[in-house]
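Structure first, commentary second.
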Amino acid sequence: MLDTDDFLTPPQAHWPLPQALPGALLHSCRFQPQKLDAQAFGRHGVDLPPNIGRAVAKRRAEF
327 MLDTDDFLTP PQAHWPLPQA LPGALLHSCR FQPQKLDAQA FGRHGVDLPP
377 NIGRAVAKRR AEF
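What follows is the structure in structure tokens.
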């Protein structure tokens, strides 16, 4: 489970569609770009390419 101060909310199980699909599950998280910091990539085992590391915060969030 992710920390609550991380840039993703904990996963939530939900089903927004009108019909159930047997055996199908939907889990989602909310992305909070304002909480994305320079160390987030390393905490999650993502190697940040040098050009992305030098990019503006919006571009790093898109990566």
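Heads up, the sequence shown is in the numbering used here, so the first residue is 327 and it goes up one at a time.
All residues carry an ideal CB built from backbone N, CA and C; glycine is no exception.
Quick caveat, the model's predicted, so the values are computed rather than measured.
Please classify Phe333: is it buried, with 16 or more other beta-carbons within 10 angstroms of its beta-carbon, or exposed? buried
Which residues mark the beginning and the end of the alpha helix (DSSP H) in which Phe367 is found? 366-369
Beta-carbon contacts of Met327 that lie in its chain and below 7 Å, excluding the five residues immediately before and after: Residue confidence is low: Met327 scores 46 on pLDDT, short of 50, so the model does not pin down where it sits. Its coordinate-derived value is still stated next. For Met327, where only same-chain residues beyond five positions count, the Cβ hits under 7 Å are Pro336.
Pick from Leu352, Lys361, Asp373: whose alpha carbon is nearest that of Gln338? Leu352
Expressed to the nearest angstrom, what Euclidean distance is found between the alpha-carbon atoms of Gln358 and Pro375? 21 Å
Are the beta-carbon atoms of Ala387 and Leu362 separated by less than 8 Å? yes
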